[in-house]
Structures are given as C-alpha cells and as structure tokens.
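Numbering (our numbering), first residue to last: 13 to 92.
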C-alpha cells in the first residue's frame, strides 16, 4: 500500500524516465515531524525500479501489501 511519496528529483517536470525506490514507511519514523507508521509483517525492506515513468512507479509501489514510501529520483540516480 503506497503511503507516502518523497520527491528527490532535481528535474521535477521530467516524468517519462525516472528511477524509484520503495522502503517500509516505518523506516521514516525517526525523521523529525514524521507521522508514525506501525511496522508490519508485510513491510518491504527495500526495492528499486531502475527506470520507468512516474505513473509506473506509483503503480509498482501500490502493489506491495505493507505500508510503503516511494522515493522518486532523476533517471539513473538514487540507486546503486
């Protein structure tokens, strides 16, 4: 379940080719002023999408059963 989106793109109007990462939303609990998410047994630790559109990244992140935060990056950035 997609819970939050964090946009790290320096080119925010580029939507056709981006990179994306998802992590469990509970990983964000330590960030100042963050809403708190209860860790769950369906939490994904980490996954990445090397290239896709913004719409594809949102659909992909929405497929996971646990609460997920989607991080958007410029194409080729943000992933190892």
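Quick reminder that beta carbons are idealized off the backbone N, C-alpha and C, glycines included.
Item checked: Length of the line joining the Cα atoms of residue 5 and residue 49 -> A question about residue 5 goes unanswered here, because the residues of the chain that appear run from 13 up to 92.
Next item on the list: Let me know the secondary structure DSSP gives residue 68 once reduced to three states.
Entry: Numbered from 1 along the chain shown, position 56 holds the residue referred to as residue 68. DSSP places residue 68 in helix when its eight states are reduced to three.
Margin query: Measuring straight from C-alpha to C-alpha, what distance separates residue 37 and residue 68?
Written below: Numbered from 1 along the chain shown, position 25 holds the residue referred to as residue 37. Numbered from 1 along the chain shown, position 56 holds the residue referred to as residue 68. Their Cα atoms are separated by approximately 19 Å.
Margin query: Quick check: what's the CA-CA separation for residue 22 versus residue 54?
Written below: Within the chain shown, the letter at position 10 stands for residue 22. Within the chain shown, the letter at position 42 stands for residue 54. For residue 22 and residue 54, the distance between alpha carbons rounds to 31 Å.
Next item on the list: Below 8 Å CB to CB, which residues in the same chain sit around residue 2 once its five sequence neighbours on both sides are set aside?
Entry: Residue 2 is absent from the structure shown; the chain starts at 13 and stops at 92.
Check: In the DSSP assignment, what residue or residues form a beta bridge with residue 32?
Finding: Position 20 of the chain shown, counted from the start, is the residue given in the question as residue 32. Bridge partners of residue 32: 61 and 84.
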